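Taken in sequence, the protein lines are chains X and V. Note that our numbering has the first sequence beginning at 36, numbered continuously upward. Note that our numbering has the second sequence beginning at 36, numbered continuously upward. What follows is a short report on a single structure.
Protein chains: 2
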Amino acid sequence: MQLHKLYSSLAIRNNNKIVVLVIDGLGGMSHKDYGYKTELEYANHPNLDGLACRGTTGMLTPVLPGVTPGSGPAHLGLFGLDPISFNIGRGILEALGIGLVPGPTDVLARGNFCTVDEDGAITDRRAGRIPTDICEQRLALLRDIHVPQADIELHAVRDHRFVLRLKGTDLDGDIENTDPGTVGAKPKAAKALSPRAETTASIVNAFVDQALGRLKEQSTANALVLRGFSMLPNIPTFHELYGLRSAALAIYPMYKGLARTVGMDILDCGKTVSDQLRTLESHWGSYDYFFIHYKYTDSCGEDGDFLSKVNHIETVDKCVNSLVRLDPAVLAVTGDHSTPAGLRSHSWHPVPLLLVSPTCRRDGSTAFTETVCARGALGNLESKYLMGLLLGHALRLQKFGA
Amino acid sequence: MQLHKLYSSLAIRNNNKIVVLVIDGLGGMSHKDYGYKTELEYANHPNLDGLACRGTTGMLTPVLPGVTPGSGPAHLGLFGLDPISFNIGRGILEALGIGLVPGPTDVLARGNFCTVDEDGAITDRRAGRIPTDICEQRLALLRDIHVPQADIELHAVRDHRFVLRLKGTDLDGDIENTDPGTVGAKPKAAKALSPRAETTASIVNAFVDQALGRLKEQSTANALVLRGFSMLPNIPTFHELYGLRSAALAIYPMYKGLARTVGMDILDCGKTVSDQLRTLESHWGSYDYFFIHYKYTDSCGEDGDFLSKVNHIETVDKCVNSLVRLDPAVLAVTGDHSTPAGLRSHSWHPVPLLLVSPTCRRDGSTAFTETVCARGALGNLESKYLMGLLLGHALRLQKFGA
Numbered sequence: 036m037q038l039h040k041l042y043s044s045l046a047i048r049n050n051n052k053i054v055v056l057v058i059d060g061l062g063g064m065s066h067k068d069y070g071y072k073t074e075l076e077y078a079n080h081p082n083l084d085g086l087a088c089r090g091t092t093g094m095l096t097p098v099l100p101g102v103t104p105g106s107g108p109a110h111l112g113l114f115g116l117d118p119i120s121f122n123i124g125r126g127i128l129e130a131l132g133i134g135l136v137p138g139p140t141d142v143l144a145r146g147n148f149c150t151v152d153e154d155g156a157i158t159d160r161r162a163g164r165i166p167t168d169i170c171e172q173r174l175a176l177l178r179d180i181h182v183p184q185a186d187i188e189l190h191a192v193r194d195h196r197f198v199l200r201l202k203g204t205d206l207d208g209d210i211e212n213t214d215p216g217t218v219g220a221k222p223k224a225a226k227a228l229s230p231r232a233e234t235t236a237s238i239v240n241a242f243v244d245q246a247l248g249r250l251k252e253q254s255t256a257n258a259l260v261l262r263g264f265s266m267l268p269n270i271p272t273f274h275e276l277y278g279l280r281s282a283a284l285a286i287y288p289m290y291k292g293l294a295r296t297v298g299m300d301i302l303d304c305g306k307t308v309s310d311q312l313r314t315l316e317s318h319w320g321s322y323d324y325f326f327i328h329y330k331y332t333d334s335c336g337e338d339g340d341f342l343s344k345v346n347h348i349e350t351v352d353k354c355v356n357s358l359v360r361l362d363p364a365v366l367a368v369t370g371d372h373s374t375p376a377g378l379r380s381h382s383w384h385p386v387p388l389l390l391v392s393p394t395c396r397r398d399g400s401t402a403f404t405e406t407v408c409a410r411g412a413l414g415n416l417e418s419k420y421l422m423g424l425l426l427g428h429a430l431r432l433q434k435f436g437a
Numbered sequence: 036m037q038l039h040k041l042y043s044s045l046a047i048r049n050n051n052k053i054v055v056l057v058i059d060g061l062g063g064m065s066h067k068d069y070g071y072k073t074e075l076e077y078a079n080h081p082n083l084d085g086l087a088c089r090g091t092t093g094m095l096t097p098v099l100p101g102v103t104p105g106s107g108p109a110h111l112g113l114f115g116l117d118p119i120s121f122n123i124g125r126g127i128l129e130a131l132g133i134g135l136v137p138g139p140t141d142v143l144a145r146g147n148f149c150t151v152d153e154d155g156a157i158t159d160r161r162a163g164r165i166p167t168d169i170c171e172q173r174l175a176l177l178r179d180i181h182v183p184q185a186d187i188e189l190h191a192v193r194d195h196r197f198v199l200r201l202k203g204t205d206l207d208g209d210i211e212n213t214d215p216g217t218v219g220a221k222p223k224a225a226k227a228l229s230p231r232a233e234t235t236a237s238i239v240n241a242f243v244d245q246a247l248g249r250l251k252e253q254s255t256a257n258a259l260v261l262r263g264f265s266m267l268p269n270i271p272t273f274h275e276l277y278g279l280r281s282a283a284l285a286i287y288p289m290y291k292g293l294a295r296t297v298g299m300d301i302l303d304c305g306k307t308v309s310d311q312l313r314t315l316e317s318h319w320g321s322y323d324y325f326f327i328h329y330k331y332t333d334s335c336g337e338d339g340d341f342l343s344k345v346n347h348i349e350t351v352d353k354c355v356n357s358l359v360r361l362d363p364a365v366l367a368v369t370g371d372h373s374t375p376a377g378l379r380s381h382s383w384h385p386v387p388l389l390l391v392s393p394t395c396r397r398d399g400s401t402a403f404t405e406t407v408c409a410r411g412a413l414g415n416l417e418s419k420y421l422m423g424l425l426l427g428h429a430l431r432l433q434k435f436g437a
């Protein structure tokens, strides 16, 4: 039985509230410039440490040991879904990132403008990273292209990147990338990887043919490639699965989108973590489960900015007591994945987890750091088990078997 | 490959003896009235601590994180069987609990007497929890009911509860509960959930029709509902799987019954843990594997009686050295699940595990508590892996692969 179905089969309703604070990219790596500490070890966070003292800790492995997750699988894991079974395609994720709300029958793809020579061979896969306004101008040339059997939408993302959205009734995303992945090659025709995607592949090719005709006069960004054709995975909602009325307090579109895929209500929550927590407080009575997403730790990690990541951890720490005052039945603080400043990217390192609840077994943790959490009583769990721990501690799972 | 089949494929025989002491409901939860200690942390158990010093420790998760097991799945896990694949139904477990020995073709169900109004709608689902002797009187009214194709047995359990046993050759337990689960509704007809259970469902309905006719003159307990229709799962024996001659030293019928499902001999072992250990000693030469079950820790947890649970842990501790003197090749001390007094019920919390063997790798554990075991070298394992650890440390598993 799939894990979420097991948990779902045991779920019962009560009034116990669950709050999950996701500090994006929380985990770090020993950094030689800072005494071989991680950002979390270097930062001063007395309130999180205090929570650790009266809770239990552990580590979450987002997917599997050594595997670095994208934001999609990392969050699906936190939401109790096996990130290997439920794959969120790049096209869908890119769309979520700019605030689109894909419909269940839409096909989404990530597009790149590229530059080709007179023979159509790619000379620059990113068209010199044209500014976003040039991307917008190129998309304007393509917006009135019509093809049978689908409506086409084009949305600029940033630089040379855009999203292609196909809206229709019989579409399928099982299509190979048209991006050959190398200079010197020509963009490929869209090719269906299964018979059910044949129609969609021909729609894509009809669009691309017309688009290339309209772009060929340009000296750069005179062609396009598409990748990550995908549809929304068929994901059950938190309410269907667990009877949870759930809400997301996220500032960035992608995380709102990810929360929407599991049926969370998206609350308008301002721009800072203080705004988020005020919003939480004002909606406290209306939901059973709150997902709070804090982005900036990840951004600083991606920038390689150790000290800024430290600062953002300290900012979260200053706010966390206002969460505690709401007295949730279960409060979990963790990340979706690690983003060590030393790597300037997501990483595979497990993520520290802190869980506080009147029903928890205190484990003697005295701080909230990777080193402490790695010895915490919850052990090292795949992220997909977090949902069971939350529901268990909230007394929202009935006994399994007689 | 299923786990028990893997272990089975590697099993070899030798004279090394394995003893597993299961302290039922052993694990606890931090209790605010006792310095946020668990029962095991609060108790004084120098002998168990001494064993920890010369052994290795870890934690067992009975099913999966957050999942609270019933006694059936909790024990199947300890016996090396995946508790999700091998499900013991409520009817079977109830029968085991009163000492019945279900045959492989029997169907068992748990019955409740209830009270219905003149229209047949339930007014009290438990018939005012009639005393057991009234339950016996009602069953006496039903004992000579005959239906084609099955023999019927009725056994009082306690209060309004009884066990229905159908004996026949072509029966199947895949039948929906007749209990509507709510007052105001009428008991439902038994409905087969698969074609192979059609005959059994009609047998049940023929019985219930006659039973209702005989009960209708009563003012209370004048109807019945049935739930948990089930058959013995097809479980291989310890001898078939591992070549182990195995014996159970359990006082309560349910645990004898669970041990019998994996082919253990049930030894008559008196009423106290001292009696159990004397029995063990006198049968020492006849078996390879001994399962000793200590019940009272769980009962006290269910009663919410923290200090009595502490006392019972201390009682076990005083006896444990007589086990050690027998010098088993492997001695494991653990629980089937946690029963924190603070919850008055089974819980999902992992269970401490202690393993002592001349072949173990001592891990520096200095006590037998949840906090120490959570940091033990065995890590946090699903209970179903215990069997492999026992066999491995007893040198009863040959090398896997070349």
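Ideal placement from N, C-alpha and C gives every residue a C-beta, glycine not left out. Quick caveat: nothing in here was measured; it's all calculated off a predicted structure.
Here's a check: name, in chain order, each residue in its chain whose Cβ is nearer than 6 Å to the Cβ of residue i, leaving out the five neighbours to either side.
i	result
Asn356(V)	Asn82
Ala162(X)	Phe148, Cys149, Thr150, His195, Thr255 and Ala256
Asp84(X)	Ala402 and Phe403
Asp207(V)	Arg231, Ala232 and Thr235
Ile165(X)	His195 and Ala256
Using a C-beta to C-beta distance shorter than 7 Å, which residues of chain X count as neighbours of residue i?
i	result
Asn415(V)	Gly414
Glu211(V)	Here the premise fails: no neighbours, minimum Cβ distance about 16 Å.
Arg410(V)	Arg410
Asn122(V)	Gly436
To the nearest angstrom, how far is it from the Cα of residue i to the Cα of residue j?
i	j	result
Val359(V)	Leu366(V)	8 Å
Thr235(V)	Leu293(V)	25 Å
Thr296(X)	Cys304(V)	57 Å
His80(V)	Ile348(V)	7 Å
Ala225(V)	Ile270(V)	27 Å
Thr406(X)	Leu56(X)	20 Å
Arg145(V)	His181(V)	19 Å
Tyr324(X)	Met289(V)	38 Å
Keeping to the same chain, check which residues put their C-beta closer than 8 Å to that of residue i; ignore five residues upstream and five downstream.
i	result
Lys306(V)	Ile286
Ser382(V)	Gly62, Met64, Thr103, His372, Ser373, Thr374 and Pro375
So which residues of chain X does residue i contact, with C-beta pairs closer than 9 Å?
i	result
Met36(V)	Residues of chain X passing the Cβ test: none, with the nearest at roughly 18 Å.
With C-beta atoms as the reference, is residue i less than 8 Å away from residue j?
i	j	result
Val386(X)	Thr369(X)	yes
Thr91(V)	Ala412(V)	yes
Ser265(X)	Gly126(X)	yes
Gly436(X)	Pro118(V)	yes
Ser392(X)	Ala364(X)	yes
Ser120(V)	Gln253(V)	no
Thr213(V)	Val260(V)	yes
Leu416(X)	Gly93(X)	yes
Gly248(X)	Ile157(X)	no
Leu284(V)	Phe242(V)	no
Gly155(X)	Lys419(X)	no
Asp179(V)	Gly203(V)	no
Leu421(V)	Leu111(V)	no
Leu45(V)	Gln433(V)	yes
Residues of chain V with CB closer than 7 Å to the CB of residue i, please, in chain order.
i	result
Phe435(X)	Val98, Val102, Thr103, Pro104, Gly105 and Pro108
Leu135(X)	Neighbours of Leu135(X) on chain V: none; closest Cβ ~34 Å, over 7 Å.
Gly399(X)	Thr406
Leu424(X)	Pro100 and Gly101
Taking residue i as the query, report the chain V residues whose CB atoms sit under 9 Å from its CB, ordered along the chain.
i	result
Leu432(X)	Gly101, Val102, Thr103 and Trp383
Gly427(X)	Pro100, Gly101, Val102, Thr103, Ser382, Trp383 and His384
Determine the closest residue to residue i out of the options, with distance taken between C-alpha atoms.
i	options	result
Ala109(V)	Leu116(V), Asp371(V) and His80(V)	Asp371(V)
Asp352(X)	Phe326(X), Tyr322(X), Gly336(X) and Val308(X)	Val308(X)
Residue i touches chain X at which residues, Cβ-Cβ below 8 Å?
i	result
Pro438(V)	Residue 438(V) is absent from the model: chain V starts at 36 and stops at 437.
Ser65(V)	Cys395, Arg396 and Arg397
Thr73(V)	Arg396
Which chain V residues sit within Cβ distance under 8 Å of residue i?
i	result
Leu45(X)	Val102
Say the cut is 7 Å; is the CB of residue i nearer than that to a heavy atom of the ligand ATP?
i	result
Leu424(X)	The model on display carries no ligand, and the ligand ATP is accordingly not part of it.
By Cβ distance, which residues of its chain are closer than 7 Å to residue i, with the 5 residues on each side in sequence left out?
i	result
Leu378(X)	Met64
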